[in-house]
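In the numbering used here, the protein residues as written are 14 to 399.
Beta carbons are placed, not taken as given, at the ideal position from N, Cα and C, and that holds for glycine.
Below you can see the structure in the form of structure tokens.
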């Protein structure tokens with residue numbers, strides 16, 4: 014197709030990629046004289062309904078994104094073919110080398126290099142997952158990460174998905190790449206932690222020089238224990254990202270980045286309820302409720318399968334009601350102060366983060382009460398204390 018003009022404006026220079034019913038072309042904009050990427054979806058008898066849905070979703074989501082490490086949406090048009098037609102997505106061209114190309118050239122990456130990549134990609138995921146609704150890439154792998162201009166770029170949003178509220182389980186097409194997909198994605202379930210698994214598998218691939226499908230496994234877990242020159246702390250962090258059990262995997266890109274920089278937080282040792290506390294805590298497998306007495310009232314924390322809520326009542330009047338979807342809970346923070354020092358009365362010592370919202374507890378509680386409450390929340394939420 015070299016030299017062909019599409020959309021009366023874009024001169025094709027070469028083919029970048031080809032899949033059944035899809036072409037990706039490098040072209041030159043005859044008006045701006047800049048290179049662009051054209052992604053074509055052929056509307057023929059072989060077109061699957063899911064392919065059209067994914068293509069249209071990619072167009073709509075790219076329109077809404079503005080990030081220096083994500084190709085920018087430029088436009089969209091229909092191109093008439095002799096017998097059929099094609100839908101064409103136009104986006105900016107990033108002139109760089111994919112991590113897959115680096116692997117094909119027998120290049121492996123050091124721990125320091127993959128940590129730098131991890132920081133860059135986690136910041137991109139924080140942007141995507143922090144959107145409303147959250148945007149999940151669902152196909153993070155070496156061929157979809159480019160290195161250019163001293164920057165890492167995340168490309169190919171053809172598998173992208175948005176989620177609202179509780180994660181969806183079976184209402185969409187299963188997409189992704191074997192070896193980089195977490196177990197839950199095979200059954201049609203996806204959430205931010207799924208992208209983190211794919212990122213972890215990608216980083217392991219760069220260090221090992223082989224794709225996950227070629228690496229040894231212990232059950233469903235990637236076994237990279239024999240990789241040389243890998244610090245125990247970093248190996249533990251990678252294992253956390255690629256944990257097959259969703260309940261034990263890191264929950265958010267923000268939490269993963271913090272652990273990469275400061276070390277992975279640990280689950281506390283068991284703490285007994287202080288005998289003299291007036292705090293009421295009721296829990297079962299589905300819900301947890303904490304009632305903290307306060308001057309002329311109380312603070313009430315409730316968490317169930319659907320949401321987290323925090324409210325205060327003073328002199329019989331309810332105020333300061335907060336609520337957020339349960340799935341957004343990503344981090345549990347316990348701010349301990351040195352013995353003999355005291356925080357400001359308004360400074361909360363236990364904070365539950367749900368996205369960018371903080372649910373603050375622990376004002377004016379004793380150290381034993383704080384230790385016990387932090388332990389109970391950590392074990393019930395299955396979140397480490399940071």
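The count of Cβ pairs closer than 8 Å, one atom from the segment 380 to 388 and one from the segment 285 to 305, reaches three, so the stretches are in contact.
Assigned with DSSP and collapsed to three states, residue 242 falls in coil, not helix or strand. By alpha-carbon distance to residue 250, the top candidate from 346, 37, 275, 71 is 275. Scanning 230, 56, 40 for the CA closest to the CA of residue 49 turns up 40. Counting only the Cα atoms, residue 268 lies some 21 Å from residue 175. Take the alpha-carbon of residue 198 and the one of residue 258: they are about 12 Å apart. Between the beta-carbon of residue 214 and that of residue 193 there is about 5 Å, and that keeps the pair under the 8 Å contact cut. Beta bridge pairing from DSSP links residue 37 with 30, 52.
Here DSSP, grouped into helix, strand and coil, assigns residue 118 to coil. Shortest Cα-Cα distance from residue 132 to any of 232, 273, 314 involves 273. Unbroken beta strand (DSSP E) stretches of 3 residues or longer found wholly inside the segment 314 to 385: 320 to 327, 330 to 338, 342 to 347, 363 to 367, 370 to 374, given in chain order. From the listed residues 394, 167, 24, the smallest Cα separation to residue 113 is found for 167. Separation of the CB atoms of residue 80 and residue 137 is rounded to 7 Å, and the pair is thereby assigned contact status at 8 Å.
Here residue 208 is buried, its C-beta having at least 16 other C-beta atoms within 10 Å. The distance from the Cβ of residue 159 to that of residue 110 is about 7 Å, consistent with a contact at the 8 Å cut-off. Following the DSSP letters along the chain, one finds residue 303 inside the beta strand (DSSP E) bounded by residues 301 to 307. Under DSSP, residue 399 takes part in no beta bridge, so it has no partner. Spanning the alpha carbons of residue 122 and residue 298 requires a straight line of approximately 43 Å. Judged by their CB atoms, residue 265 and residue 344 are nearer to each other than the 8 Å cut-off.
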